[in-house]
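From first to last, the protein sequence lines stand for chains G and R. Last residue of the first sequence: number 436 in our numbering, and the count goes up by one each step with no gaps. Last residue of the second sequence: number 264 in our numbering, and the count goes up by one each step with no gaps. Quick reminder that beta carbons are idealized off the backbone N, C-alpha and C, glycines included.
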Amino acid sequence: MGELKLMKGNEAIGEAAIRAGVDAYFGYPITPQSEVIEYLMAEKPYETTGMVVLQAESEVAAINMVYGAAGSGKKVMTSSSSPGISLKQEGISYMAGAELPCVILNVVRGGPGLGTIQPSQADYFQAVKGGGHGDYHTIVLAPASVQEMADFVAKGFELAFRYRTPVMILSDGLIGQMMEKVVMPEFTPRWTEEEIIKNAPWATTGKPATRERNIITSLDLDSGRQEQHNLHLQKKYREIREKEVLYEEIMCDDAEYLFVAFGSSARIAQKAIKLARDKGIKAGLLRPVTLYPFPTDVIKKLSMQVKGILSLELNAGQMVEDIRLSVGCNIKVEHFGRMGGIIHSPAEALQALEDKIIGG
Amino acid sequence: MNKEILSDIISEENLVYRKTPLMTNNILSYCPGCGHGTTHRVIMEVIEELGLAEKTIGIAPVGCSVLAYDFMNVDMQQAAHGRAPALATGIKRTWPDRIVFTYQGDGDLAAIGTAETIHACNRGENIVIVFVNNGIYGMTGGQMAPTTLPGMKSSTSPYGRDVHIMGNPLKITELIAELPGTRFVTRQAVHTPGNVRKTKRAIRKAFENQLNFKEGLNFVEVVSNCNSGWKMTAVQANKWMEENMFPFYPLGDIKVDGELLNK
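As structure tokens, this is what we get:
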């Protein structure tokens, strides 16, 4: 049994990283996620587990420090918020191309541009469709609680190393800043040198005479080989789509109307379906836990059962496109969401369901 | 040539020079006369002679030496343009007992990667940076570099670099020598046997420093030619380099054991 704590989401990420045996964190301050690096710097894990914590000169440098350490087989992570994640996209694309595992936390704030520092889910497209240049995806986990912030660190690394791919935890300013009780996982020791060489035989750990040199690169000037590499990546993404979909169904069994919402919006939708049922409206919630891979099949199944779907997102309507691609019949699929850092209330969400789906 | 004579020439007892096994047998992608190949060889010889091959991780940049990992027979990573010092930081911080070096050109190190260069130097990362400065973007076809000399022609300064419009060449090596995080800063060349020997001594010192100290960045600039980018023969390019590049980028040690020389 782990340890019960009361923590901010951002702090929980820091504590969970230490406990997950993470080797290094490289970051750069940006609101609303600076508590991650502040927590780690205060905890000084370099004196206990040996975890490196370093404040880089920019988000660009931080993600490239992650690249270097990940390329050498280390468990390494970074975090930022929307404008900073845009800066990291170069490195994320390179890591996807070079097939390097890492965990990247995005505590999303409103945009575009410098936007605002309040919660938002406006980086959905960027997270699930690739984000940087080239044909690639990252696995995207969407925590809806401080507990999931903590749990997804170890889970993220497990997926990252299994598939040799960057994993993004797509959180938002609400989940990052709010305090909740959280059961912290037990300590897992950092990998030893032998374990790294066994678990990441592709890594640049120094070439012994017994093997060929390891090369970490995303470059291949030969188009034929580059296409083979693209096909290899696509095969990997297919496998991820087949095996790694995670979601939660809440009151879906008898639902006539369905909310689909992730992260903080899912928390609001959870209250909204209770308000709906108080009024006699049989509403349910499907909460995608992985946004990539997207829970397409269950949405298709539920679309045969319900009369309409409302996608509740803190943005102008992004995930709703993936829902529309998933539904198997001609039912109404609409979006509702506030923007600019404003969070919709459960009452607003229910009103939107009544206006856009039930009455619409 | 007669096969018998040839086999006599290459027989073990007659060999006066041998390629380090830390250079692969891949054919170099560099233009004939270019200094990259020699610089690669010198680095790899030093790593071999110091017995560091199994501990070394190298980082290739974007530029002509983007494929350095095809030629250097050690574990290698290829960095995004300018980011090699950040990769090196990530590796060295998490593998402090490994030997880490970056190999970067002028566009990579002194333009797009200026922030990464300065901050890695300023943090005193215990790594070696080898900086090949030929005053031009070779790989993309001869565009102006941050180190292109005033008046020097390139494909994006076809009438010569006008410093009032295009800015001045950046002496980044002098700049980073001022930072407390650098231990050893030197500028060398590889266009003559004498210079190759000096460069090798400098690179050896840089790697020895990395072995012997816990912090302090070791920075070796190699002023080199780009005969194809400069639109010259190799011989002309070396002469032009001596007459034009060396006065602007004077050769020699700039900082030794953390102390600036000629202060």
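Boundaries around TYR101 of chain G are those of the beta strand (DSSP E), 100-103, since no alpha helix (DSSP H) includes it. Within its own chain, the residues whose Cβ lies closer than 6 Å to the Cβ of VAL101 of chain R, once the five positions on either side in sequence are excluded, are ILE58, ALA89, ILE92, LYS93, ILE128, listed in chain order.
Taking a Cβ-Cβ cut-off of 8 Å, the neighbours of ASN140 of chain G in chain R comprise ALA80, ALA81, ARG84, ALA87, LEU88, GLY91, GLU117, given in sequence order.
Within the region 140-199 of chain G, the complete beta strand (DSSP E) segments of 3 residues or longer fall at 152-156, 178-184, listed in chain order.
The distance from the Cβ of VAL179 of chain G to that of MET141 of chain G is about 14 Å, inconsistent with a contact at the 8 Å cut-off.
Nearest CB-CB separation between ARG289 of chain G and chain R: below the 7 Å threshold. If only uninterrupted beta strand (DSSP E) runs of at least 3 residues are considered, those enclosed by the region 324-390 of chain G are 333-336, 359-364, 366-368, 384-388.
MET45 of chain R has a beta carbon lying at 7 Å or more from every beta carbon in chain G. Residue state for LYS256 of chain R is assigned as strand, using DSSP reduced to three classes. Considering only R:VAL224, R:PHE185, R:ARG205, the residue with the shortest C-alpha distance to GLU260 of chain R is R:PHE185. Close partners of TYR170 of chain G in chain R (Cβ separation under 9 Å): GLN79, ALA80, ALA81, ARG84. In this structure, GLY360 of chain G places its C-beta atom within 7 Å of the C-beta atom of LEU334 of chain G. Annotation: the continuous alpha helix (DSSP H) that includes ASN196 of chain R extends over 194-213. ASP76 of chain R is bridged by DSSP to R:ILE58.
A distance of 7 Å or more separates the beta carbons of SER157 of chain G and LEU250 of chain G. Taking C-beta separations shorter than 8 Å and ignoring five residues to either side along the sequence, the partners of MET254 of chain G in its chain run LYS84, GLY85, VAL222, following chain order. Listed along chain R is no residue with a C-beta nearer than 7 Å to that of GLU270 of chain G; the closest approach is about 14 Å.
Nearest CB-CB separation between ALA93 of chain G and chain R: not below the 7 Å threshold. Across the region 290-307 of chain G, CB contacts with chain R closer than 9 Å involve ASN290, ILE291, ILE292, THR293, SER294, LEU295, LEU297, in sequence order along the chain. Taking C-beta separations shorter than 8 Å and ignoring five residues to either side along the sequence, the partners of PRO265 of chain G in its chain run GLY97, THR125, following chain order. Secondary structure note for GLY106 of chain R: it is in no alpha helix (DSSP H), and the uninterrupted beta strand (DSSP E) holding it is 100-106. Under the 7 Å criterion on CB atoms, VAL75 of chain R is classed as interfacial with respect to chain G. Of all residues in the region 124-148 of chain G, the ones placed with a Cβ closer than 9 Å to any Cβ belonging to chain R are VAL128, LEU130, ALA132, GLU133, SER134, VAL136, ALA137, ALA138, ILE139, ASN140, MET141, VAL142, TYR143, GLY144, ALA145, ALA146, GLY147, SER148, in chain order.
Leaving aside the five residues that flank TYR138 of chain R on each side, the residues in its chain whose CB is nearer than 6 Å to its CB run, in chain order, GLY108, GLN144, ALA146. Under the 7 Å criterion on CB atoms, ALA276 of chain G is classed as non-interfacial with respect to chain R.
In the displayed model, GLU135 of chain G falls within a helix according to three-state DSSP. The count of Cβ pairs closer than 8 Å, one atom from the region 191-210 of chain G and one from the region 157-166 of chain G, reaches three, so the stretches are in contact. Beta-carbon to beta-carbon, LEU246 of chain G and GLY232 of chain G are separated by about 11 Å, too far to satisfy the 8 Å threshold. With the criterion set as a beta carbon lying under 8 Å from some beta carbon of chain R, the members of the region 99-112 of chain G are ASP99, ALA100, PHE102, in sequence order.
For the pair of segments examined, the region 165-175 of chain G was found not to touch the region 358-373 of chain G: the number of CB pairs separated by less than 8 Å stays below three. Bridge partners of ARG400 of chain G according to DSSP: none are assigned. By the neighbour-count criterion, in which 16 or more other beta carbons inside 10 Å mark a residue as buried, ARG287 of chain G falls on the exposed side.
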